[in-house]
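Data first, discussion second: the structure below is written as structure tokens.
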Amino acid sequence: PKQQLLDKVSALPGQPPVRFSQFSGYVTVNEKHGRALFYWLTEASDLPHNKPLLLWLNGGPGCSSVAYGASEEIGPFRINRTGSSLYLNKYSWNAEANLLFLESPAGVGFSYTNTSSDLKDTGDNRTAEDALIFLIRWMARFPQYKYRDFYIAGESYAGHYVPQLAKRIHNYNKAYSRPIINLKGFIVGNAVTDNHYDNIGTVTFWWTHAMISDRTYKSILKYCNFSEEEGQSDKCDEAVNYAINNEFGDIDQYSIYTAACK
Amino acid sequence: CTENYAEKYYNRPDVQKALHANVTGIPYKWTACSDVLIKNWKDSEDSMLPTYKELIAAGLRIWVFSGDTDSVVPVTATRFSLSHLNLPIKTKWYPWYSGNQVGGWTEVYEGLTFATVRSAGHEVPLLQPQRAFILFRSFLAGKELPKS
């Protein structure tokens with residue numbers, strides 16, 4: 091708890107006055123390799139002690155929950171165009187929950203490792219393991235959140251991170267009659283779920299939303315079998331690349347009716 | 012281009028000091044996505060469906076949503092994957108509402124709720140903050156999305 095006080099954020103540069111508390115800092119998850127994960131907690135704007143705790147994870151893999159989740163999506167602040175100040179997000183999820191943003195794994199955003207080879211051999215497994223260790227140690231620093239209703243949320247490649255962490259928490263909790271991490275559930279958006287079925291559904295979306303021609307759609311169906319084992323044939327890659335480079339146009343694939351960001 | 016704003020803001024020394032960030036002097040700029048990590052990502056599970064089955068059996072509350080203008084992990088991808096869980100339907104497909112507008116469609120299965128969010132891209136709360144907030148509030152309350 092002493093460290094909790096040291097982690098307290100008095101105010102961010104250019105931030106409007108707010109009533110809720112904020113904390114941020116590092117939790118070491120591996121002493122030997124010197125891996126430490128950066129977190130930012132923005133407490134609920136009203137009665138934080140009665141509100142659940144929500145951990146938010148962005149995907150990538152390799153993308154920052156501070157950059158996206160906190161600053162563009164569910165967090166209480168938005169950054170203005172010049173990066174000089176912050177303004178309030180009217181629909182911030184901290185109206186309903188205490189929001190914990192975690193930059194995971196090490197190497198993402200402010201999270202770091204002192205063993206540079208870690209950046210070349212990270213994967214689902216170690217990411218989930220480090221995230222569990224983070225949570226256990228974070229709860230020791232913030233004992234007021236032990237036993238509190240706890241949820242995990244995320245999007246995109248966090249379609250892997252979130253259920254994998256949930257599974258590790260579930261298995262970890264089996265050893266305790268009253269687990270400190272009181273996981274109640276999770277919610278994921280535009281989540282990477284199953285490579286084979288996701289790929290088929292993705293090409294279907296491209297065709298049904300008139301992003302690709304019938305000819306291209308037919309050649310993708312003809313040459314791509316979407317099962318991970320074999321990998322894609324050259325003809326499949328050719329058909330998909332043709333679609334993306336010659337038929338999509340200059341759009342934001344993450345929001346197809348939005349022009350691409352220059 | 013909103014992620015450019017974050018690239019500016021979080022690389023400011025005064026912001027990093029206020030956040031107790033970068034205390035070890037990381038030898039590279041803060042950035043929204045790490046190229047090194049994504050290019051060298053090692054183990055990645057082919058499918059999360061077996062994990063979903065395990066966590067549904069454990070009784071967790073599980074919601075999955077899709078912004079319906081995303082083409083990277085689009086709504087049809089998620090629906091096609093989830094359909095292979097073969098979950099029994101509890102509440103049949105219906106439009107849910109945000110104000111007097113259709114916010115999307117949803118179906119409630121034994122153990123999992125699926126919902127689309129209309130006119131939202133990959134980052135649903137960025138493009139449809141009010142609809143995303145209604146979705147989250149319903150999830151937390153454990154209630155079905157509003158039918159009107």
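Keeping their order, the protein sequence lines are chains A and B.
Quick note on our numbering: the first sequence kicks off at 91 and runs consecutively.
Quick note on our numbering: the second sequence kicks off at 12 and runs consecutively.
A virtual CB, placed ideally from N, CA and C, is assigned to each residue, including glycine.
Because the structure is a prediction, the values reported are computed rather than measured.
6 Å Cβ shell around residue i - same chain, five flanking residues per side excluded
i: B/S149; result: L156
i: B/N22; result: K40, W41
i: B/S77; result: V86, T89, T127
i: B/T124; result: W74
Closer than 8 Å at the beta carbon, the chain A residues around residue i
i: B/V26; result: L102, P103
i: B/K53; result: D211, T212, G213
i: B/S92; result: T283, D284, Y287, D288, G291
Residue-chain proximity (residue i, chain E), Cβ-Cβ < 7 Å
i: B/T127; result: Checking the listed chains, one finds no chain E in this structure; the protein chains it contains are A and B.
Integer-rounded CB distance, given that residue j should sit under 8 Å from residue i
i: A/Q94; j: A/R227; result: Contact flag wrong, Cβ pair sits at about 12 Å.
i: A/G173; j: B/Y20; result: 4 Å
i: B/D79; j: B/G115; result: 7 Å
i: B/E121; j: B/P99; result: 5 Å
i: A/W296; j: A/A248; result: The pair is not a contact, with the Cβ atoms about 23 Å apart (cut-off 8 Å).
i: A/A329; j: A/C314; result: 7 Å
Identified DSSP bridge partners for residue i
i: A/K98; result: A/F113
i: B/V128; result: B/G78
i: B/C44; result: A/C153
i: A/L144; result: A/L189, A/Y241
i: A/E133; result: Partner(s): none; A/E133 has no beta bridge.
i: B/V113; result: B/Y108
i: A/Y307; result: Its beta-bridge partners do not exist; DSSP assigns none.
i: A/R216; result: DSSP output for A/R216 lists no bridge partner at all.
i: A/L178; result: A/F167
i: A/A349; result: A/I341
i: B/V119; result: B/T102, B/T124
i: A/Y202; result: A/A126
Under 9 Å by beta carbon: chain B residues contacting residue i
i: A/R109; result: Neighbours of A/R109 on chain B: none; closest Cβ ~18 Å, over 9 Å.
i: A/T306; result: The premise fails here: A/T306 is roughly 14 Å from chain B at the closest Cβ pair, so nothing lies under 9 Å.
i: A/V117; result: The premise fails here: A/V117 is roughly 12 Å from chain B at the closest Cβ pair, so nothing lies under 9 Å.
i: A/I270; result: Ordered by position in chain B, no residue passes the 9 Å Cβ test against A/I270, which lies about 17 Å from the chain.
i: A/T348; result: T80, G132, L138
Interface residues of chain A facing residue i [CB-CB closer than 9 Å]
i: B/V113; result: Those within 9 Å of B/V113 in chain A number zero; the least Cβ separation is about 17 Å.
i: B/P140; result: E163, I164, N179, K180, Y181, S182
i: B/W41; result: S154, V156, A157, G199, F200
i: B/S77; result: G279, N280, A281
Neighbouring residues, chain A, relative to residue i (Cβ below 7 Å)
i: B/R45; result: Before going on, a small fix: residue 45 of chain B reads as Ser here, not Arg. G152, G197, V198, listed in chain order.
i: B/Y20; result: I169, G173
i: B/N97; result: Near B/N97 there are no residues of chain A at all, since even the closest Cβ is about 13 Å away, more than 7 Å.
i: B/A68; result: By Cβ distance, chain A contributes nothing, its closest Cβ being about 10 Å from B/A68, past 7 Å.
i: B/T62; result: P253, Q254, K257
i: B/T13; result: E162
Chain B contact residues for residue i, given Cβ-Cβ distances below 8 Å
i: A/C314; result: Within chain B, no residue comes near A/C314; the closest Cβ sits about 14 Å away, beyond 8 Å.
i: A/W130; result: L30
i: A/L273; result: L71
i: A/W228; result: Per Cβ cutoff of 8 Å: no residues; A/W228 is ~14 Å from chain B at best.
i: A/F191; result: Per Cβ cutoff of 8 Å: no residues; A/F191 is ~11 Å from chain B at best.
i: A/E133; result: Simply none; closest approach about 15 Å.
i: A/P142; result: L151
Chain B residues whose Cβ lies nearer than 7 Å to that of residue i
i: A/Q343; result: S82, V83
i: A/D97; result: H31
Cut-off 7 Å between Cβ atoms - residues of its own chain near residue i, not counting five sequence neighbours on either side
i: A/I169; result: S161, L176
i: B/P136; result: A143
i: A/N331; result: none
i: A/Q105; result: F167, L176
i: B/S159; result: Y108
Other residues of its chain near residue i: CB distance less than 8 Å, five sequence neighbours each side excluded
i: B/E14; result: A43
i: A/V156; result: F128, W130, F191, E193, G199, F200
i: B/K64; result: L96
The ligand NAP heavy atom lying under 6 Å from the CB of residue i
i: A/E186; result: As presented, the structure is devoid of all ligands, the ligand NAP included, so that no description of it is given.
Problem set entry | Start-end ranges of the beta strand (DSSP E) lying completely within the region 239-290 of chain A, minimum 3 residues | 239-246, 272-281
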